[in-house]
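In this note's numbering, the protein residues as written are 674 to 1027. Shown next, in structure tokens, is the structure this report addresses.
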């Protein structure tokens, strides 16, 4: 690629229409099936993961619309044809983005569906803006406290998850790594985390090529890495400690957690641990799939989502239980930045300094 792609290159043709939505001070590029009036359809907001853009939900967009929902996929802040401000990649602001998008699309509440970083947005919005969230579906995206807990205590999860985060913390170096050789990093990223069956299909080659091109859009590499940088650095800063403290709430809305059974990046225990923070979590593994279950096995994932959306939430007589609540008091002695840093140093030594 001789020139950086234009942001409008992600406005791919298909059975959908592209629109701009302004929310939380940012212009978002959104996509929804063409020719389908919104009407009284319940809103389903689809949020992609790291290194991707709205295209990752192409299969679910049309299927959810055909099932009677208003399905809208967006390019997250800093991705695709959405604005790319220099700041705002923290959990607080991202939750505010989703909250604003629901309202800007003309709805009072929605189901949020997210993969990877998009799943973090789901968890954060459900906790910080519970009134706009009916239920959430997360794909390969554990509750942030469950992921931190497993990363600290489980060597296998730590070696898979923490090393990439550490490699991308240095400004400019991370951006060069992600974009060199026409974003070959993205090709490796998909190859290492996806199933062999999907890699043999033409859909895989097209998906990788489109995501490589999208990563080369000016400022996307920097913005996408800012998600990871905040997730790591916030562990040592007051704002991050406060965010994780607020996330220590038990949600009482329906949650569907999905994971590809062959996902080498997010391990099963981290996903299953979400029940500690979600009273009504249903956890399912998708056969024949790696990290990108919604693209690798779209029919199975769509079926699981539709079954979940059509199920009535469990009734409860406890009014207080309908709100998020702390599941245990804060214990400053249980966690500190110094302890976190010490564990990282020990893990790196155990991994041979990688």
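From the three backbone atoms N, C-alpha and C, an ideal C-beta is built for every residue, glycine too.
Suppose you measure from the CA of residue i to the CA of residue j; what does that come to, to the nearest Å?
| i | j | result |
| --- | --- | --- |
| residue 949 | residue 818 | 9 angstroms |
| residue 906 | residue 841 | 11 angstroms |
| residue 743 | residue 699 | 22 angstroms |
| residue 801 | residue 880 | 33 angstroms |
| residue 909 | residue 932 | 29 angstroms |
| residue 857 | residue 750 | 23 angstroms |
| residue 884 | residue 946 | 31 angstroms |
| residue 882 | residue 855 | 10 angstroms |
| residue 796 | residue 951 | 10 angstroms |
| residue 859 | residue 719 | 21 angstroms |
| residue 915 | residue 764 | 11 angstroms |
| residue 913 | residue 982 | 32 angstroms |
| residue 693 | residue 984 | 32 angstroms |
| residue 781 | residue 774 | 10 angstroms |
| residue 970 | residue 959 | 8 angstroms |
| residue 903 | residue 845 | 15 angstroms |
| residue 973 | residue 853 | 35 angstroms |
| residue 786 | residue 923 | 19 angstroms |
Can you give me the Cβ contacts of residue i inside the same chain, cut-off strictly under 6 angstroms, excluding the 5 residues immediately before and after it?
| i | result |
| --- | --- |
| residue 834 | 824 |
| residue 657 | Only positions 674 to 1027 of the chain appear in the structure, and residue 657 is not among them; the question remains open. |
| residue 784 | 717, 807 and 808 |
For residue i, collect the residues of the same chain with a Cβ closer than 7 angstroms to its Cβ; drop the 5 residues on either side in sequence, then sort them by chain order.
| i | result |
| --- | --- |
| residue 689 | 704, 705, 706, 707 and 734 |
| residue 788 | 721, 722, 729, 812, 813, 814 and 967 |
Taking the DSSP output, what are the residues bridged to residue i?
| i | result |
| --- | --- |
| residue 707 | Note: residue 707 sits in no beta bridge, so no partner. |
| residue 690 | 705 |
| residue 695 | 700 |
| residue 939 | Its beta-bridge partners do not exist; DSSP assigns none. |
| residue 716 | 743 |
What does a CB cutoff of less than 8 angstroms around residue i pick up in its chain, not counting 5 residues either side in sequence?
| i | result |
| --- | --- |
| residue 942 | 823, 827 and 830 |
| residue 709 | 738 and 743 |
| residue 986 | 808, 926, 927 and 953 |
Three Cβ pairs or more, each shorter than 8 angstroms: is that satisfied between the segment 880 to 899 and the segment 674 to 693?
yes
With a threshold of 8 angstroms, are at least 3 pairs of Cβ atoms found where one atom belongs to the segment 919 to 930 and the other to the segment 799 to 808?
yes
Report yes or no: do the segment 864 to 873 and the segment 962 to 973 share at least 3 C-beta pairs separated by less than 8 angstroms?
yes
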